[in-house]
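Quick notes on the structure that follows.
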Amino acid sequence: MMDNATHHQAIQLNTNNAQNTTNIQQQQHQESKLSSVPDHFLTIRLLMQGKEVGSIIGKRGDNIKAIREESGARINISDGTTPERIVTMVGTIETLSKAFGMICQKFEDDLKQTCTMIPPITLRLVVPASQCGSIIGKGGAKIKEIRETTGASVQVASEMLPSSTERAVTISGKLDSIESCFRQICQIMLEQSPPKGETIPYRPKMMISPMHAPIIFANGQAYQVQGQFAIPFPPNELNAFGPLTSLTPGMPVPAATSLIPSGLQPNRATLQTQREITIANDLIGCIIGRGGQKISEIRQASGANIKIADLDEGSQDRHVTISGTPEQIQLAEFLIHSRIASEIGGILITH
C-alpha cells in the first residue's frame, strides 16, 4: 500500500494541465514585471533545489522578507511544484550583491548546524548563452582571472539548459570568495546587457521526457530521476518501458535497476558521452568510501565510468568525469549527489 508521503507526491505528479497552465501564466506575469527595469538595473536568475529555497524563505516567509527589505532587491521565486526552482533577483549591482550575500550567509549558517567541516557554498546562476562568452573570455582568460582574484570555483556548462537559450554557471567557494565572484559576474553581465538575440528562459519542469529520465527501482518502488531528486513513479505509467517480467513479485531485484524506455532509438542507448562535475575535496571521501566501496557501488548501479582527478595545487575542488550513455551519466550523478546529501544533511549539493 502506498504511504501518505508517496501518495501525496504521486498526486503532485498528476497535477492537471489547467493548474500547470495557470502556474506558468502567473510565473510569466511575475517575470514580465521584473523585466521592466531601468538600464542600470540587472536581472539575475538563480537555479535552486527545493530545500535551498525553503531555507531562504524561512518560516512564515520571515527570511525572504528580511532579504528583500535589507537589500532593496526585488526577488521573485517560481512555482513550488518542481524539484528545481528559479529565484529571480532585480536591482543594482549593490542591491543584488547584498541580497546574494544574505542568501549565502543563510546557507553557511545551515551548514554549520550539520557539518563539522564547512564545505564550500555552491550556487548556480542561469545566464543567457550570449553572455557566457564574456564570462569565459578569449581563450578562457576572463574566467581564469575571476578564479584567481576571488578564490572561487567557476564552471560554465557547455550545454544549454533544456528548452532554453540559457546555460548554468556554477560558482562555489567560501563566503567572501563567492560574494566577490558574484559581483564580478554581475559586472560582466551588466556590461553585456541586454543579451544578444532572443533569450528563451529556462523553466524547470516536474516531469521530463522518459527519454531523458532514468527509472530506478529500489525496495519494490519505481522512481524517476529528475535532476538530483528521485520522484515516486506512478505504476500505471510504466508500460512505456516495455515488459517488466524480470521485476515480478518473488523475483530478485537489484537495489537500483535502471531502465531505458522501449521507444528509444537503437543508437540512443549506446551513445557514449561524458560530463564533468566539481566536488569539494572535503566531500570526496564520502563518495569513494572505505577501500573504494562506495564509488564501486555507484559504478555498478549506474553502469557509468567514473574518474576522480587528483587535487590541483591551490584548489579546494576535485574534478569528477562521468562517462557513459546519457541515462547512465544522469543516474551516476543522482547517486553521487545522494551520497553527498547523506553526508551533509541534504543542504547545498554540488551540481
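Sequential numbering from 1 applies to the sequence shown in the UniProt record's numbering.
Quick reminder that beta carbons are idealized off the backbone N, C-alpha and C, glycines included.
Asked: Bridge partners - H40, DSSP secondary structure assignment; Found: Per DSSP, none; premise fails for H40.
Asked: I279 vs D310 beta-carbon contact at 8 Å; Found: no
Asked: Collapsed DSSP secondary structure at I118 in the structure displayed; Found: coil
Asked: Status (buried if at least 16 other CB within 10 Å, exposed otherwise) for G80; Found: exposed
Asked: Contiguous alpha helix (DSSP H) assignments of at least 4 residues, all confined to the segment 58-126; Found: 62-71, 93-114
Asked: As assigned by DSSP and simplified to three states, the class of P252; Found: Only weak support is given to the placement of P252: the predicted model assigns it a pLDDT of 36, under 50, and the value that follows is read from those uncertain coordinates. Of the three classes helix, strand and coil, the one that applies to P252 here is coil, per DSSP.
Asked: Whether L175 touches E108 by CB criterion (8 Å); Found: yes
Asked: Three-way DSSP call (helix, strand, coil) for I200 in this model; Found: coil
Asked: G324, DSSP secondary structure in three states; Found: strand
Asked: Where S97 falls, given that 16 or more other Cβ within 10 Å makes a residue buried; Found: buried
Asked: For R290, the first and last residue of its enclosing beta strand (DSSP E); Found: It is not in any beta strand (DSSP E) - R290 carries neither H nor E in the DSSP assignment.
Asked: Supposed contact pair I118 and I178 - C-beta distance, whole angstroms, cut 8 Å; Found: About 12 Å separates the two Cβ atoms, so there is no contact after all.
Asked: Limits of the unbroken alpha helix (DSSP H) element including T149; Found: 141-150
Asked: Segment limits, alpha helix (DSSP H) that includes E179; Found: 175-191
Asked: Beta bridge counterpart(s) of I306 as assigned by DSSP; Found: I322
Asked: Residue 372 (DSSP reduced to helix, strand or coil); Found: Nothing can be reported for residue 372: it is not among the residues displayed for the chain, which extend from 1 to 351.
Asked: Option nearest I185 by Cα separation, candidates K142, P201, P162, R203; Found: K142
Asked: Beta-carbon contacts of S193 that lie in its chain and below 7 Å, excluding the five residues immediately before and after; Found: L42
Asked: Cβ contact (3+ pairs, closer than 8 Å) linking the segment 48-57 and the segment 162-170; Found: no
Asked: Beta-carbon separation (whole angstroms), I188 vs I103, contact threshold 8 Å; Found: I188 to I103, Cβ: 20 Å. No contact.
Asked: Cutoff 6 Å; reference I200; Cβ partners in own chain excluding five residues on either side; Found: S164, T165
Asked: Limits of the unbroken alpha helix (DSSP H) element including S134; Found: 129-136
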